[in-house]
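Residue numbers (our numbering): 850 to 1186.
Note that CB positions come from ideal geometry on N, CA and C, so glycine has one too.
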Amino acid sequence: MEEPGTDLIDMVGILEKTELFSRLPPEDLRWLAGKSAVRHYPTQASVFKEGERAERFYIVRSGSVAVYRRGEGERLDEMARFEAGDVVGDFDFSRRAVYDAMARAEDETELVAFPAYGLNMDDLARERPDVAARILLRSVAMISSRVRSTQVLISENAPWVRELRRQMYTDSATGLWVRAFMDEELPKTLETPAALILIKPDRFKELCDAWGHGAGDVAMERIAVILKDEARRLRSAWAVRLRSNETALVVSNCPAEEAENIQKRLAEALGNIDIAEAIGGEQFRFTASMAVAVWPEDGTDFKQLVEDAYGALMRVWKAGGDQVCRLAPDAGTEVQS
């Protein structure tokens, strides 16, 4: 069973000694410590089984853990043994691999598990995509280092690395890219001029208050479909979930005039969303607050431009919504229509 009493400072000290977390900033470590837990395993208790997905890794706090692989017949061959202070399963966790061996406690054993049982990296990525992205980069660095130590070079284009990146940068609820992907990866890919079209549905809280969060989930799924369809149509475009019900479409090689045309198409499509089956056959008319900016025309710092556009989006929404705000290049002034 999990023990809730471990001091947060002690947990930080345990995590920062692991290769995966050793270079993370202190604020990340404190947050990650709150997502970890200590668990007690009696002698011979299973830690993980062959064929299970590596959803977490472990640090031995006391006792010992042995890893076994099946030999001929029913024979178990011991592959490794871990004592207090050792880390178990971080390599498999970093790759989100399926275990090809089993592990069990050889004594009365306490393990620190990250993430705690009941959580997975998708949950953490939704809550703190910035921290999840840094863990991803440390995972790739750690794996690369270990593989190079055996004189085998690893390519970041290897299929499992691409899959790991996709999982870490994708919102599991909608299939949209997450904000960390927009901040960290997109600027390397975009051809200028690039358009940012930010969207926040109006009256979303009213929808959820009246018909529950299930109706909100259906609405977000429909919004995601519209954005993904538009991104596929444009080819060099990415649909992003910024936070909660706020989304964006980022379009490569897209001047201001084309960005405005795309914005109008999206506004029309959002207005035609039908979720009657999720709200008992009643009607709910969707409108949206929107903001449009063009990089680098409206600002050379991509990340700052996203923040400026987001601020404009929120001002439009708070003013009643159902409008679009265009960031103008002269000192960030805004034009509303």
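Contact set for residue i: own chain, Cβ-Cβ below 8 Å, skip 5 residues either direction
| i | result |
| --- | --- |
| leucine 864 | Phe870, Leu878, Leu881, Ala882, Ser885, Ile908, Val961 and Phe963 |
| threonine 1038 | Ser1101 |
| proline 1042 | Asn1102, Cys1103, Pro1104, Ala1105, Val1143, Trp1144, Pro1145 and Glu1146 |
| arginine 1084 | none |
Chain-order list of residues whose beta-carbon lies under 6 Å from that of residue i (same chain, five-residue window excluded)
| i | result |
| --- | --- |
| alanine 1044 | Val1100, Cys1103, Ala1108 and Val1143 |
| serine 911 | Ala933 and Glu959 |
| alanine 926 | At residue 926 the sequence reads aspartate, which differs from the alanine that was named. Cβ neighbours of aspartate 926 beyond the five flanking positions: Arg918 and Gly920. |
| leucine 857 | Ala882 |
| glutamate 1040 | Ser1101 and Asn1102 |
Assigned secondary structure, residue i (DSSP; H/G/I helix, E/B strand, else coil)
| i | result |
| --- | --- |
| cysteine 1103 | coil |
| aspartate 859 | helix |
| phenylalanine 870 | coil |
| threonine 1019 | strand |
| isoleucine 908 | strand |
| aspartate 926 | strand |
| serine 988 | helix |
| alanine 1140 | strand |
| phenylalanine 1151 | helix |
| tyrosine 917 | strand |
| proline 891 | coil |
| glycine 854 | Per-residue confidence for glycine 854 stands at a pLDDT of 45, beneath the threshold of 50, marking its modelled position as unreliable; no derived number is given. |
| threonine 1041 | coil |
| leucine 968 | coil |
| alanine 962 | strand |
| glutamate 865 | coil |
| lysine 884 | coil |
| proline 1050 | strand |
| arginine 902 | strand |
| glutamate 1034 | coil |
Rounded Cβ spacing between residue i and residue j (contact assumed at less than 8 Å)
| i | j | result |
| --- | --- | --- |
| alanine 1097 | isoleucine 1048 | 7 Å |
| aspartate 939 | threonine 867 | 7 Å |
| arginine 902 | valine 947 | 6 Å |
| arginine 1028 | leucine 973 | The Cβ separation is near 14 Å, so there is no contact. |
| isoleucine 1124 | valine 1067 | 5 Å |
| methionine 928 | alanine 950 | 6 Å |
Cα-Cα separation, residue i to residue j
| i | j | result |
| --- | --- | --- |
| glutamate 1034 | leucine 985 | 13 Å |
| valine 861 | leucine 873 | 11 Å |
| glycine 934 | glutamate 899 | 23 Å |
| aspartate 859 | arginine 987 | 22 Å |
| phenylalanine 1133 | aspartate 1150 | 38 Å |
| arginine 1114 | tryptophan 1166 | 19 Å |
| asparagine 1094 | aspartate 1058 | 14 Å |
| arginine 1082 | leucine 1076 | 10 Å |
| alanine 1116 | valine 916 | 56 Å |
| glycine 1148 | phenylalanine 931 | 53 Å |
| glycine 1169 | tyrosine 966 | 43 Å |
| glycine 1065 | glutamate 1055 | 10 Å |
| serine 993 | threonine 1023 | 31 Å |
| proline 875 | arginine 977 | 15 Å |
| glutamate 1156 | threonine 892 | 53 Å |
| leucine 1162 | glycine 1130 | 31 Å |
| glutamate 1126 | arginine 983 | 40 Å |
| glutamate 1070 | arginine 1052 | 16 Å |
| aspartate 1078 | threonine 1019 | 16 Å |
| arginine 975 | valine 887 | 23 Å |
C-beta contact flag for residue i and residue j at 7 Å
| i | j | result |
| --- | --- | --- |
| leucine 1025 | valine 1089 | yes |
| aspartate 956 | serine 913 | yes |
| tryptophan 1060 | isoleucine 1122 | no |
| alanine 981 | methionine 1031 | no |
| arginine 953 | valine 896 | yes |
| histidine 889 | glutamate 959 | yes |
| alanine 1073 | alanine 1080 | no |
| glutamate 923 | asparagine 969 | no |
Contacts around residue i, its chain only, beta-carbon distance under 7 Å, and the 5 residues preceding and following it disregarded
| i | result |
| --- | --- |
| aspartate 971 | Ser1021 |
| alanine 1158 | Leu1045, Leu1047, Ala1140, Ala1142 and Leu1176 |
| phenylalanine 1135 | Pro1050, Leu1119, Gly1120 and Ile1122 |
| lysine 1152 | Asp1032 |
| phenylalanine 906 | Val936, Val937, Gly938, Asp939, Phe942 and Phe963 |
| proline 1036 | Phe1151 |
beta-carbon residue i near the ligand HEM non-hydrogen atom, thresh 6 Å
| i | result |
| --- | --- |
| valine 980 | Among the ligands in the structure shown, none appear at all, so the ligand HEM cannot be discussed. |
Test: residue i CB closer than 7 Å to a CB of chain C
| i | result |
| --- | --- |
| serine 943 | Going by chain labels, chain C is absent from the structure shown, which holds only one protein chain. |
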